[in-house]
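Read the structure below first, then the notes.
There are 2 protein chains.
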Amino acid sequence: MGTTQVDAVPEPKYWHLRTVLSDALDSEFAVGEILPNERELAARFGVARATLRQALEQLELEGRLQRRRGVGTTVAPPRFGIDVGSTGHGWPGAPGDDWQTDDCEEAAPPAVVAKMLGESDGVPVQVVRRTRMTHGQPVAAELLYVPFSSVPGLPAIESSGGAARGRAVLRELHRLDLAGQERTVELGSARADDARQLDRLPGAPVLVVSTRYLADGRTAAVTVSTYRADTCRLTFGDTGSDALLAG
Amino acid sequence: MGTTQVDAVPEPKYWHLRTVLSDALDSEFAVGEILPNERELAARFGVARATLRQALEQLELEGRLQRRRGVGTTVAPPRFGIDVGSTGHGWPGAPGDDWQTDDCEEAAPPAVVAKMLGESDGVPVQVVRRTRMTHGQPVAAELLYVPFSSVPGLPAIESSGGAARGRAVLRELHRLDLAGQERTVELGSARADDARQLDRLPGAPVLVVSTRYLADGRTAAVTVSTYRADTCRLTFGDTGSDALLAG
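In order, the protein sequence lines correspond to chains G and F. Letter by letter, the first sequence follows residues 201 to 447 in this note's numbering. Letter by letter, the second sequence follows residues 201 to 447 in this note's numbering.
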């Protein structure tokens with residue numbers, strides 16, 4: 201990995217070190233390989249531990265490194281490309297989507313979701329919890345918020361909660377005529393329950409995708425999906441461009 | 201701000217502190233207000249400086265706090281909602297977009313971009329640098345990569361570089377019939393030049409939006425746009441839902 205000294209460089213030291221480390225990852229390490237420990241790396245590059253840690257954090261943000269408790273720092277595989285746009289052309293839970301329904305409960309949504317739904321603060325809605333699996337790994341945790349007015353046919357007796365109830369909510373939702381959707385993506389940090397679901401520590405960087413589902417001229421449902429920022433690259437296709445490019 | 205002690209809590213200390221601080225931000229602080237310094241805050245909540253810093257980092261990731269050199273830590277305003285989807289239905293530089301063209305040069309694109317363009321490694325293309333302004337602030341830095349084959353009519357003499365040349369490249373691109381586009385969003389860290397353009401430190405978390413523009417059955421251009429993750433929420437609209445909801 202060389203022993204380049206990074207003293208006396210005009211750009212921030214951690215940034216220069218990040219570049220040196222990034223090149224070393226390209227040329228000398230394989231995906232999954234464990235890096236030497238922090239003390240060893242700091243000594244080798246002639247930097248303080250704090251500087252080394254900043255550089256490692258950069259590379260983790262960029263998806264180049266993974267840090268796992270009990271394992272250490274490893275070279276990350278390329279991020280998964282996760283389709284967010286075209287799955288989105290249907291209702292959540294449409295046939296063939298790669299989400300599993302975990303649970304359902306009645307609860308008041310967060311204030312920002314209540315506002316999106318046009319509901320008053322504190323009014324309970326159906327909250328369906330789902331997990332998106334890709335290559336056998338959980339890549340996203342989702343809460344789907346459905347006002348009672350969107351699923352008037354929901355049988356009152358169909359189990360009081362759990363996955364079966366969640367699937368019943370989705371089935372009722374599918375009766376509505378989906379007119380469109382709006383989506384936002386922003387950086388967030390994983391809440392404790394999402395972190396558990398995604399096998400991360402609370403506060404890990406995540407990409408939060410919020411979607412409004414529009415039907416009958418109003419917002420019929422809202423999803424807040426928390427994607428692992430370390431392993432996911434979200435893809436949005438405006439067109440059937442695979443076909444286009446294949447043609 | 202209270203003096204809640206956060207000892208002996210089962211969840212990680214920094215995470216509990218983050219929640220306590222978040223509540224305090226909601227109830228006791230106004231947007232733009234400067235927080236007490238780290239030593240003072242650590243003493244008040246009875247935590248180590250390292251724990252406090254972790255909690256502040258979480259809140260910065262979530263867009264609740266901003267840390268600026270020479271100013272300190274302030275309460276962040278709500279993130280800007282930046283439309284990425286529908287601006288995208290046209291070519292870059294279409295009338296009315298809020299990007300300014302800064303520069304243009306000939307250079308070999310990064311390997312990953314060369315691959316998207318179907319060009320061989322090391323072959324130079326036109327690289328146009330642009331900045332997106334929102335409310336008078338730079339929110340994104342962009343590099344637009346255009347192979348010579350996409351702009352065969354580009355006058356060879358129209359200035360050797362600079363913004364004028366960049367605008368000429370965009371004009372030529374607009375002659376092509378745009379068939380569609382594909383977009384990916386992922387977490388990244390700001391490279392030194394983008395950081396400067398966005399008034400951030402190198403390595404600041406950013407949302408990297410990569411777009412392929414499809415024309416004549418191939419990728420005619422690629423943009424890599426670096427959005428400030430602290431101030432931006434990217435919005436994607438699949439439909440003219442404003443009209444829908446207003447109706």
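The C-beta atom is built at its ideal place from N, Cα and C for all residues, glycine as well.
Cα-Cα separation between residue i and residue j, rounded to whole angstroms
{"i": "residue 395(F)", "j": "residue 330(F)", "result": "13 Å"}
{"i": "residue 369(F)", "j": "residue 420(G)", "result": "44 Å"}
{"i": "residue 409(G)", "j": "residue 294(G)", "result": "18 Å"}
{"i": "residue 385(F)", "j": "residue 240(F)", "result": "38 Å"}
{"i": "residue 265(F)", "j": "residue 355(F)", "result": "48 Å"}
{"i": "residue 272(G)", "j": "residue 388(G)", "result": "24 Å"}
{"i": "residue 187(G)", "j": "residue 212(F)", "result": "Residue 187(G) falls outside the range modelled here, since chain G spans only 201 to 447, and no answer is possible."}
{"i": "residue 282(F)", "j": "residue 334(F)", "result": "8 Å"}
{"i": "residue 246(F)", "j": "residue 263(F)", "result": "25 Å"}
{"i": "residue 366(F)", "j": "residue 436(G)", "result": "27 Å"}
{"i": "residue 254(F)", "j": "residue 248(F)", "result": "10 Å"}
{"i": "residue 402(G)", "j": "residue 321(G)", "result": "27 Å"}
{"i": "residue 305(F)", "j": "residue 432(F)", "result": "28 Å"}
{"i": "residue 276(G)", "j": "residue 243(F)", "result": "38 Å"}
{"i": "residue 383(F)", "j": "residue 411(F)", "result": "4 Å"}
{"i": "residue 287(G)", "j": "residue 236(F)", "result": "Reliability of the predicted coordinates at residue 287(G) is poor, the pLDDT of 48 falling under 50, and the value obtained from them is presented with this limitation in mind. Rounded to whole angstroms, residue 287(G) to residue 236(F) spans 46 Å at the Cα level."}
{"i": "residue 312(F)", "j": "residue 300(G)", "result": "33 Å"}
Under the three-state DSSP convention, the category residue i falls into
{"i": "residue 431(G)", "result": "coil"}
{"i": "residue 328(F)", "result": "strand"}
{"i": "residue 229(G)", "result": "coil"}
{"i": "residue 308(F)", "result": "coil"}
{"i": "residue 320(F)", "result": "coil"}
{"i": "residue 387(G)", "result": "strand"}
{"i": "residue 287(G)", "result": "Since pLDDT at residue 287(G) reaches only 48, below the 50 mark, its modelled position is unreliable, and no value is offered."}
{"i": "residue 235(G)", "result": "coil"}
{"i": "residue 247(F)", "result": "coil"}
{"i": "residue 293(F)", "result": "coil"}
{"i": "residue 503(G)", "result": "What is shown of chain G runs 201 to 447, which leaves residue 503(G) out entirely."}
Bridge-paired residues (DSSP) for residue i
{"i": "residue 272(G)", "result": "268(G)"}
{"i": "residue 397(G)", "result": "DSSP, once it has assigned bridges, lists no residue as partnering residue 397(G)."}
{"i": "residue 418(G)", "result": "415(G)"}
{"i": "residue 303(G)", "result": "329(G)"}
{"i": "residue 345(F)", "result": "327(F) and 422(F)"}
{"i": "residue 281(F)", "result": "433(F)"}
{"i": "residue 382(G)", "result": "412(G) and 437(F)"}
{"i": "residue 219(F)", "result": "According to DSSP, which records beta bridges pairwise, residue 219(F) is partnered with nothing at all."}
{"i": "residue 352(G)", "result": "None; residue 352(G) has no bridge partner."}
{"i": "residue 340(G)", "result": "332(G) and 427(G)"}
{"i": "residue 407(F)", "result": "387(F) and 427(F)"}
Within-8 Å CB hit, residue i to chain G
{"i": "residue 345(F)", "result": "no"}
{"i": "residue 429(F)", "result": "yes"}
{"i": "residue 349(F)", "result": "no"}
{"i": "residue 273(F)", "result": "no"}
{"i": "residue 218(F)", "result": "yes"}
{"i": "residue 261(F)", "result": "yes"}
{"i": "residue 299(F)", "result": "no"}
{"i": "residue 245(F)", "result": "no"}
{"i": "residue 324(F)", "result": "no"}
{"i": "residue 279(F)", "result": "yes"}
8 Å Cβ cutoff, residue i in contact with chain F
{"i": "residue 425(G)", "result": "no"}
{"i": "residue 222(G)", "result": "no"}
{"i": "residue 433(G)", "result": "yes"}
{"i": "residue 295(G)", "result": "no"}
{"i": "residue 287(G)", "result": "Only weak support is given to the placement of residue 287(G): the predicted model assigns it a pLDDT of 48, under 50, and the question is left unresolved by the model."}
{"i": "residue 141(G)", "result": "The structure shown has nothing for residue 141(G), since chain G only spans 201 to 447."}
{"i": "residue 413(G)", "result": "no"}
Minimum Cβ-Cβ distance from residue i to chain A less than 8 Å
{"i": "residue 337(G)", "result": "Although the question refers to chain A, the structure presented lacks it and instead comprises the protein chains G and F."}
Requested in this report: Examine the Cβ distances between the segment 329 to 341 of chain G and the segment 419 to 435 of chain G and report whether three or more of them are shorter than 8 Å.
Outcome: yes
Query raised in the report: Touching or not, the segment 214 to 229 of chain F and the segment 251 to 260 of chain F, by the rule of three or more beta carbon pairs under 8 Å?
Result: yes
**Report entry** Three or more C-beta pairs below 8 Å linking the segment 374 to 382 of chain F and the segment 401 to 417 of chain F
**Finding:** yes
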